[in-house]
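Each remark here refers to the structure printed beneath this line.
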Amino acid sequence: MAQRMLCLFCFGNQLAMQIPTLYLKGTFNGWGLDTPLFKEQDGSYRANLCLSTDLYRFKISDSDGTKQWTLSGHESEATLCELEQAMPLINTQGIGNDLLLSPAVAGQYSLKVQFGSSTPTITVTRGEYNDLSTPQREPINTRLIEVETEGTLPLWQHPEFAMPHNQLFQELTISETQSFPFVFGDNVDGYYHGATYSYVNGGKYRHHQGWVLGTFASYINGNFNNKLEAERASLTPCGIEHHYENSRESLSLIQGSRLVSLAVSSNKPSALSLIPELNVPTTHSKVHISDSNIVIELNPQVCPDGCPRFVAIASNHAVHAREISLDAHPELRDLVQLSESNAKLMLTTSDEQTELVVYLGFAETLETASSLVNQAVTNSEHILHQQRIYEFLTHNYLWTNDLEYNRAVMWSRLASRTFVSHEFGTGIWAGLPWFKDCWGRDTFIALSGTSLVNGLFSEAKEIIENFASMQMLDENSANYGRIPNRVTSKTNIIYNTTDGTPWMIREALEYINYSGDVAFAKAIYPTLKRFITGVEKHYLNKDGLNEDYLNKDSLMAHRHPDTWMDAKMDGMIPWSPRGPKANDIQALWFESLNCAIQLAILVGDSESEKSWTIQAEKVKENFATKFWDDKNHRLADHLSQGDVPDYSVRPNQLMTISIPQKSQLNQNEREQYIVKNAVETLLFPWGICSLQQEHVDFHPYHDNQAMYHKDAAYHNGTIWGWNAGFTITALNKFKKQDLSYQLSKNLAKQILTQGCRGTMSENLDAYQLDDRDLVESGTFAQAWSVSEYARNAQQDYLGYCPRLLDKEIHLTPNLPSCWNELVATLPFGKGNQLRLAFESKNGICHYEIQSNLEDTVSPEITLVLTIDINHESVAVISTPLTQSLEIMIDSHQQQVTVNDKKAQFEIQSKPSNSILRDLQFAKPDFARQHSSLMSKDYLLNKRNKQKLSAAKD
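Start counting the sequence shown at 1; every next residue gets the next number (full-length UniProt numbering).
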């Protein structure tokens, strides 16, 4: 260990000239660059933090997390920091070997790092350190005038099929009297994450890097509104609220800009005050004041790259703006925990009002910040924000007689917007807080439920084009034709994934079928063709890993960790080896070929069409031959070296059903066995396990386990929220919607009542002791978890499948038996919608379908409906898209009545699906003895003995 220290700290007194900007990175800031260490007069480096009573994990690192400048207390183990005690530091990276800090009392803490000797140290003290030798600027004390708004606000547009905005917002509001976490995204490069009934964890608005705005406080006639004693807290579609006896305060993050509105309202005219928590040291900032706003400029020293240097503040009424003393307002020090060294700006209405709205705008220039808040005041941006949210919610609308499900679907759609960003072109973050970057695989799995089902076709197109522009073009690279696996910055791009590009290709075709954008089909075709060429060159003739392994079956080869089950030990050895041929990869490869065939026909590339058709048929044939065990009716999870099938039961097999959009990879009977095997072995009521509990490698719990590292469990038992999506797709294909709906209802409770409200976490423990209080893990909000929930509602329960490339729209409702009424809008084409209404009473079902046609192409479209009559038969109705279509189905008499004389329909027998007749959930076997709980680091030791090939990126 001494040698490890010397490699970094042997520079003696000259080291000060070589230390880069260092940051505290940990669970208190999403492992981001929010907390830089500043050099003090005594030569030490310090940071002040406001912490609650919690266990925090962190390291000290430079911006890039380099090996030389990443510091912790031990090479492999976590180390607890005791107050007032200097702890030696070493340079080490690793996972799990963090510094730990567990404050017994909430408040301000100072962390000091000293490099005065060969062994650096960190010391944590309670209280805030202030360097009084730094000169102070003059405190703010000014008055801002009231700015007139521009005319009248746009009128609320209330579609006839939807509730008025105030009623809809009220139905969706999540109100509780206990603290709960929440998150919003700005759709630029930041998000606001906080908790109700709290100041210390009340919230922080985190930008690409750094934060400037934290929580806030409010006053009515000088009386402090104490969040800790609020009557209730409410998460609304537009923001977060705390309610008091005669007043209310709220925060909204305005989508599409770096803009926040803070508001306080009273039942009667009063002197209203707001004070935002600003991470703006008075010693490192200067102030620009105009009649209408205040702009505070941060010194670059306290503003990491990617953090806006200018924060502008304006209000909807004339206010007195002044920096106050914590001695005059001890509640701001003792409860809100404002920093003595930061700006403490209170804005109070000049006259008594019933509402005060303060806008804070963040930008890289003074002019931009000032303009942002001035326009916000002029336009009443907090109202426009509410109108945009309402328009979004009603554009793709589903409302059934099940209120809980309605609310969960609406919130899943709202939550999906959190992750859409424009940091490096339009993209979708994978999850928060530590996957705040765009992953190719995650992006395109989430695209359908984030953009397409919501009718945001331009956004979907931008995301596809953005990733396509980063396609690897070097023909000699093993990554030729691939899009990035992860985009962290414009220069930090990696391509270590097999499935990211085929997911993009699948979603490109789905986008075309939703939008009818044939021109884009021709534009994306070269990207698709390059990918197939790259696969044929590098992953069909040879597997890229073993020179003597020839692959002549048209199946796609890959490295062990290059599927979505990608966790690696020390970034090298796979925890869940699935190479060289995983079943989901073959399904994606098969779908890529079928997408290519359809586009080749469109562009007139008959030679490629013929070649790919032969290739796809060969994939299908060899997949059946090599993966399917006909004797035991089971599908292999993957083929190991030498095409030896591995029959571990994982949920991936269900993707061989859900991924193909038009051409099936498996026979119907085999698909039923796949569903049966996966569901009865893996599916608990709260989610589907990533490995069956009977497997020797199964891990029943994910995080905070003494017997193993959390990544050992990551894909070996741990439940993934997004896997519920393709599980429901597969179940509904075989009319098992009442079973899948039980899963959806459980997920609804997760969205509405557990964890970060209104969204879904990345993971759950496989084994749960109390299904009313599930143990969540991974990120607190994950894009593909919520997007898949939203997608299921439209595509799997309503059975909506636009195929505009074929000039068809298919509608195959798989309605749960508890639904007796619904109204829905379904987007397609250029601003078009199908409007669906359903009612069931006394065995008679009434469907009404209307279309609003905003473009000239849609009248050519044929609507194909497949509707259940009873358990034995279905009605298949085909008709040109018309303004109004009414269908009456009498299940007792097997009668179908259609009001459109042009409609063609026939009654067909329904497949029996007898293999799935008695399908049930699996149950956790708590009595089973698991190797992972009996032998410390069981799987780690096993993998090390296997001598698996390293997969270094």
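Every residue, glycine too, gets a C-beta built ideally from N, C-alpha and C. Values in this document were obtained by computation on a predicted structure and should not be read as measured data.
In the structure shown, what three-state DSSP assignment does residue i receive?
i      : result
SER380 : coil
LEU360 : strand
ASN48  : strand
ILE19  : coil
LYS542 : With a pLDDT of 40 at LYS542, under the threshold of 50, the modelled position of that residue is not reliable, and the figure given next carries that caveat. If DSSP states are grouped into helix, strand and coil, LYS542 belongs with the strands.
HIS878 : Before going on, a small fix: residue 878 reads as Ser here, not His. SER878 falls in the strand class under three-state DSSP.
CYS689 : strand
GLU367 : helix
HIS193 : strand
ASN668 : helix
LYS631 : coil
HIS395 : helix
ILE140 : coil
ASP738 : helix
Roughly how many angstroms lie between the CA atoms of residue i and residue j, to the nearest whole one?
i           : j      : result
ASN267      : GLU241 : 15 angstroms
VAL357      : LEU153 : 16 angstroms
ASP64       : PRO660 : 40 angstroms
TYR938      : LYS841 : 57 angstroms
THR825      : GLN664 : 28 angstroms
ILE590      : ILE657 : As written in the sequence, residue 590 is Phe, which differs from the Ile given in the question. One C-alpha to the other measures close to 12 angstroms.
ASP925      : ASN763 : 20 angstroms
GLY427      : HIS395 : 21 angstroms
ALA508      : GLU860 : 22 angstroms
HIS871      : PHE734 : 12 angstroms
MET569      : TRP575 : 6 angstroms
ILE145      : TYR359 : 14 angstroms
GLY481      : ASP442 : 18 angstroms
residue 970 : GLY831 : Because residue 970 is not part of the residues shown, which for the chain are 1 to 953, the question remains open.
ASN279      : LEU51  : 14 angstroms
ASN29       : PHE224 : 28 angstroms
ALA557      : VAL896 : 50 angstroms
GLN850      : TRP434 : 44 angstroms
LEU940      : ALA712 : 7 angstroms
ILE809      : HIS74  : 60 angstroms
ASN537      : ASN479 : The sequence given here has Lys at residue 537, not Asn. Cα-Cα distance, rounded: 10 angstroms.
Starting from the Cα of residue i, find the closest Cα among the options and give me that residue.
i      : options                        : result
HIS846 : THR825, ARG248, LEU834, GLU821 : GLU821
GLN209 : ASP437, PRO120, MET655         : ASP437
ALA724 : ALA678, LEU432, ASN842         : ALA678
LEU101 : ARG803, ALA824, GLN85, SER44   : GLN85
MET87  : GLY94, GLN93, THR79            : THR79
GLN672 : LEU602, VAL786, VAL487, ASN732 : ASN732
ILE294 : LYS227, PRO330, GLN301, PHE362 : PHE362
LEU752 : GLU404, LEU278, GLU808         : GLU404
MET707 : ARG578, SER935, SER606         : SER935
LEU335 : PHE419, PHE216, ALA376         : PHE216
ALA582 : ALA567, ASP637, THR368         : ASP637
LEU272 : SER247, SER257, MET410, SER252 : SER247
GLN586 : LEU654, ALA104, VAL105, GLY481 : LEU654
THR862 : GLN883, GLY843, PRO484         : GLN883
LEU540 : ASN513, ARG506, PRO580         : PRO580
TYR205 : ALA162, ASP186, THR196         : ASP186
LYS910 : ILE869, MET888, LEU885         : ILE869
PRO159 : GLN946, SER873, ASN852         : ASN852
Does the CB of residue i have a neighbour CB from chain C at under 9 angstroms?
i      : result
SER740 : This model lacks chain C altogether, as it is built from one protein chain only.
Nearer than 8 angstroms: is that true of the beta carbon of residue i relative to any heavy atom of the ligand GDP?
i      : result
CYS303 : Among the components modelled here there is no ligand, and therefore nothing to report on the ligand GDP.
(message) Between the stretch 300-313 and the stretch 240-254, can you find at least three pairs of beta-carbon atoms closer than 8 angstroms?
(response) Taking 8 angstroms as the limit for Cβ pairs, the verdict is that the stretch 300-313 does not touch the stretch 240-254.
(message) Measuring CB atoms only, is the stretch 608-616 touching the stretch 746-755, in the sense that at least three cross pairs come out at less than 8 angstroms?
(response) no
(message) Report the start-end ranges of each alpha helix (DSSP H) in the stretch 758-821 that is 4 residues or longer and not cut off at the edges.
(response) Runs of the alpha helix (DSSP H) inside the stretch 758-821: 783-791.
(request) Taking only runs that begin and end inside the stretch 152-184, name each unbroken alpha helix (DSSP H) of 4 or more residues, in chain order. (result) Those alpha helix (DSSP H) runs which fall completely within the stretch 152-184 and span 4+ residues are 165-172.
(request) List in chain order: all unbroken beta strand (DSSP E) runs of 3+ residues lying wholly within the stretch 222-269. (result) 223-225, 232-236, 239-243, 247-254
(request) Quick one: which unbroken beta strand (DSSP E) runs of 3-plus residues sit fully inside the stretch 878-949? Chain order, please. (result) 884-890, 895-898, 904-909, all fully within the stretch 878-949.
(message) Under 8 angstroms, with one C-beta from each stretch per pair, do the stretch 376-386 and the stretch 256-270 reach the 3-pair mark?
(response) yes
(request) Indicate whether the contact test is met: 3 or more Cβ pairs, each with one atom in the stretch 677-691 and one in the stretch 913-927, closer than 8 angstroms. (result) yes
(request) Would you list, in sequence order, the uninterrupted alpha helix (DSSP H) runs of no fewer than 4 residues that lie entirely inside the stretch 689-724? (result) 710-714
(request) Would you check if there are 3 or more beta carbon pairs closer than 8 angstroms linking the stretch 445-458 to the stretch 223-238? (result) no
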